[in-house]
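Worksheet: the structure to be examined is printed underneath.
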Amino acid sequence: MPKTDITKTALGVCLKELMKKKRLGQITVKDITSQCGVSRNVFYYHFRDKYDLVHWIFYSETLPVINTFSDPERYLDGFVNLCKYMLQNRDFYMEVFNYVGQNSLSDSLVESYFELMKIHILTVYTQVGYRLAEDELYILGRLEAYAYVGVIMEWVRGGMQANYMIYFEKLKKIKANLAFPLEAA
């Protein structure tokens, strides 16, 4: 593992440890660097702020978990895997998803899923022989991204119970009945 990844991982571990005692909004960069035994310069060499660190933790930990997303037949599995992972790390994700404001993880997640949904939508529409205009792809991608992130956020705000599959099964059933082919039959 490169030294930069070791440092980032150590900072992430320290933030998670601090979050067991304090809310994210109460934790400062100084708290993180003191916990980790590094200077503020080291922190700022790797991250813009603590929210940038939160985003790095999320994406570095969850990308391997949701790697099934690009397969049109199994993209829903990516969301299910994400929820399973988040449930295993419930305390951390309950806190970071409840932060609303600039640099929030939910806003970042919408943007990431927007890009993934565009790939999925293009694949599905191409399979059925339909070509989307760029503006149609944009609208459908945004719709899908907000829908799935909204489902995840509702689940988080509901206390992250082990019932996450209920949300995705309902959404899958609804989508199967839609007039346009957003999901492969």
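Each residue of the sequence shown is one higher than the one before, starting from 1 at the first, in full-length UniProt numbering.
Each residue gets a CB set at the ideal place from its N, CA and C atoms; glycine is no exception.
Reduced DSSP secondary structure (H/G/I, E/B, other) of residue i
i, result
"residue 187", "Residue 187 is absent from the structure shown; the chain starts at 1 and stops at 185."
"Q102", "coil"
"I166", "helix"
"V124", "helix"
"M117", "helix"
"K22", "coil"
Range of the contiguous alpha helix (DSSP H) that encloses residue i
i, result
"T28", "Neither: T28 is in no alpha helix (DSSP H) and is coded neither H nor E."
"S60", "K50 to T62"
"R157", "E134 to R157"
"R40", "R40 to H46"
"I6", "K3 to M19"
Integer-rounded CB distance, given that residue j should sit under 8 angstroms from residue i
i, j, result
"H46", "T4", "7 angstroms"
"T62", "L76", "Between L76 and T62 the Cβ distance is about 16 angstroms, and since that is not below 8 angstroms, they are no contact."
"S106", "M153", "6 angstroms"
Euclidean distance between Cα positions of residue i and residue j
i, j, result
"Y125", "G158", "34 angstroms"
"N163", "L171", "14 angstroms"
"A185", "S39", "Reliability fails at A185, whose pLDDT of 41 lies under 50, so the model's placement of it is uncertain and no value is given."
"V42", "I27", "17 angstroms"
"S112", "F58", "12 angstroms"
"S34", "L11", "10 angstroms"
Any non-hydrogen atom of the ligand FMN closer than 6 angstroms to residue i Cβ
i, result
"F168", "Among the components of this structure there are no ligands whatsoever, and the ligand FMN is therefore not found."
Exercise. Given 8 angstroms as the limit, is there contact between the region 120–138 and the region 83–92, that is, 3 or more CB pairs closer than that?
Worked result: Between the region 120–138 and the region 83–92, the count of C-beta pairs closer than 8 angstroms stays below three; the two stretches do not touch.
Exercise. If you pair each beta-carbon of the region 113–120 with each one of the region 133–148, do three or more pairs fall below 8 angstroms?
Worked result: Touching, yes.
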